[in-house]
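Participant:
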Amino acid sequence: MKGFLITFEGIDFCGKSVQIEQLVNKLQAKQVKFSLLREPGGTIISEKIREALLTKEKEDMNPVTEYLLFSAARAQVTNKNILHALDKGEVVICDRYFDSSTAYQGYGRGIDLEIINKINFFATNGIKPDLTFLIDIDLKEMEKRKQLAAGELDRMEDQAADFFKKVRQGYLLIANNEPERFRVIDGKKSVDSISKEIWQEINNKIKL
Ligand SMILES: Nc1ncnc2c1ncn2[C@@H]1O[C@H](COP(=O)(O)OP(=O)(O)OP(=O)(O)O)[C@@H](O)[C@H]1O
Ligand SMILES: [Mg+2]
């Protein structure tokens, strides 16, 4: 594998999409070839699974169903897009990847972490991001941004505060276990200063 896989993680509203947009602008300015994917999604089939996962229905979704659907969408985008792009030597940017499942379905919903680790590995052909940015905000900040955001919340965003508390703590534990791969970023800093920090970290690892 010649490419470089960068993933963005963190609880809802932490600023992943905003930072990815900043990064994309910088890569484009440098004429670096890259692929950008979001999770769940990124392929026709994964986008269909995304809809099932994020739409609110009259019936509750079982946590195991939820986890397997996320994993199914991930297997599809990994095999259809990510592996090919990495083989071609591209930079691949993912808005969420398997750490999201460890944090949300493992730490958040309480699914056995050993099972999660095995299925995560299985769904991604064992690939690991070269660099993962965990953008960390506290629950108060998340609530503040949620209030400011216009529009309806999707099924995942519309969870109780207690759930996000577990997810955030989970993320911090995951990052702590893999300090080589993770960079924990204070999400309350300005968009510009976070973007500079991310750019610096990437340039420390690869020649763009
Ligand atoms: N550093 C920042 N300081 C203040 N506000 C920010 C910062 N970064 C992002 N925001 C704001 O927070 C909100 C959420 O940002 P964004 O959509 O990038 O989060 P996200 O992590 O992609 O969320 P989701 O997981 O729901 O996709 C937006 O309204 C955005 O403008
Ligand atoms: Mg986003």
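Numbering-wise, numbering that gives the first Met the number 0 puts 187 at position 188 of the sequence shown, and it's gapless, one number per residue.
Heads up, the beta-carbon is just placed ideally off N, CA and C, and yes, glycines get one too.
1) Three or more C-beta pairs closer than 8 Å, one from the stretch 122 to 135 and one from the stretch 177 to 188: is that the case here?
2) Is the CB-CB distance between Val-31 and Val-90 below 8 Å?
3) Taking the straight line between their C-alpha atoms, what separation do you get for Tyr-66 and Ser-100?
4) Can you have a look at Asn-176 and say buried or exposed, based on whether 16 or more other CB atoms are within 10 angstroms of its CB?
5) Is any heavy atom of ligand 1 found at a distance shorter than 7 Å from the C-beta of Cys-93?
6) Nearest to Leu-35 by CA position, among Gly-14, Lys-1, Leu-85, Gly-169, is which residue?
7) Kindly examine ligand 1 and report whether one of its heavy atoms sits closer than 7 Å to the Cβ of Lys-1.
8) Report yes if the C-beta distance between Glu-113 and Lys-187 is below 8 Å; otherwise report no.
9) Got a sec? Which residues, its chain only, sit under 7 Å from Thr-123 by beta carbon, not counting five neighbours each side?
10) For Ser-16, report the span of its alpha helix (DSSP H) as first-last.
11) Span of the alpha helix (DSSP H) holding Asp-98?
12) Please look up how many angstroms separate the CB atoms of Gly-9 and Asp-135, rounded, as I've assumed it's under 8 Å.
13) In whole angstroms, give me the CA-to-CA distance for Ala-102 and Leu-147.
14) Since I believe Phe-3 is in contact with Ile-205 (beta carbons under 8 Å), could you give me their beta-carbon distance rounded to a whole number of angstroms?
15) Would you please state the rounded distance, in angstroms, between the beta carbons of Gly-105 and Ile-115? I believe it to be under 8 Å.
16) Could you tell me if Ser-70 is buried or exposed, where buried requires 16 or more neighbouring beta carbons within 10 angstroms of its beta carbon?
17) Looking at Phe-33 and ligand 1, is the gap between the Cβ and the nearest heavy atom below 7 Å?
18) Which two residues bound the contiguous beta strand (DSSP E) that contains Arg-37?
19) Please list the terminal residues of the continuous alpha helix (DSSP H) segment that includes Arg-167.
20) Please report the residue range of the alpha helix (DSSP H) in which Gly-191 lies.
Facilitator: Judging by the given coordinates:
1) yes
2) As a first step, residue 31 is located in the sequence shown; it is residue number 32 there, counting from the start. As a first step, residue 90 is located in the sequence shown; it is residue number 91 there, counting from the start. Yes.
3) Indexing the sequence shown from 1 puts residue 66 at position 67. Indexing the sequence shown from 1 puts residue 100 at position 101. Their backbone Cα atoms lie some 7 Å apart in a straight line.
4) By one-based count along the sequence shown, residue 176 stands at place 177. Classification of Asn-176: exposed, given that the 10 Å Cβ count is below 16.
5) As a first step, residue 93 is located in the sequence shown; it is residue number 94 there, counting from the start. Not so, every heavy atom of ligand 1 lies at least 7 Å from the Cβ.
6) Within the sequence shown, numbered from 1, the residue matching residue 35 stands at position 36. Among Gly-14, Lys-1, Leu-85, Gly-169, the Cα nearest to that of Leu-35 belongs to Leu-85.
7) For this step, residue 1 is matched to residue 2 along the sequence shown. No; taking the cut-off as 7 Å, the Cβ of Lys-1 has no heavy atom of ligand 1 nearer than that.
8) Your numbering for residue 113 matches position 114 in the sequence shown. Your numbering for residue 187 matches position 188 in the sequence shown. No, Cβ-Cβ distance for Glu-113 and Lys-187 is not below 8 Å.
9) Here the question's residue 123 lines up with position 124 in the sequence shown. Closer than 7 Å at Cβ, skipping near neighbours: Arg-73, Thr-77, Phe-97.
10) Locating residue 16 in the sequence shown gives position 17, where the first residue counts as 1. That run of the alpha helix (DSSP H) goes 15 to 28.
11) By 1-based counting over the sequence shown, the position of residue 98 is 99. Counting along the chain, the alpha helix (DSSP H) containing Asp-98 begins and ends at 97 to 100.
12) Translated into positions along the sequence shown, residue 9 becomes position 10. Translated into positions along the sequence shown, residue 135 becomes position 136. Sure, about 6 Å apart at Cβ, within 8 Å.
13) Counting from one through the sequence shown, the residue named residue 102 turns up at place 103. Counting from one through the sequence shown, the residue named residue 147 turns up at place 148. Each residue's Cα considered, the two are about 25 Å apart.
14) Counting from one through the sequence shown, the residue named residue 205 turns up at place 206. Counting from one through the sequence shown, the residue named residue 3 turns up at place 4. Indeed they touch by this definition, with Cβ atoms about 5 Å apart.
15) Residue numbering aside, residue 105 sits at position 106 when the sequence shown is read from its first letter. Residue numbering aside, residue 115 sits at position 116 when the sequence shown is read from its first letter. Right, the Cβ-Cβ distance comes to about 4 Å (below 8 Å), so this counts as a contact.
16) Position 71 of the sequence shown holds residue 70. Buried: at least 16 other Cβ atoms inside 10 Å.
17) Taking the first residue of the sequence shown as position 1, residue 33 is located at position 34. Checking every heavy atom of ligand 1 against the Cβ of Phe-33, none is found closer than 7 Å.
18) Looking up residue 37 in the sequence shown gives position 38. Run containing Arg-37: 33 to 37, per the beta strand (DSSP E) assignment.
19) Taking the first residue of the sequence shown as 1, we reach residue 167 at position 168. Arg-167 -> alpha helix (DSSP H) spans 160 to 176.
20) To locate residue 191, count along the sequence shown from 1; it is residue 192. Checking the displayed sequence, the identity of residue 191 turns out to be Asp instead of Gly. That run of the alpha helix (DSSP H) goes 190 to 204.
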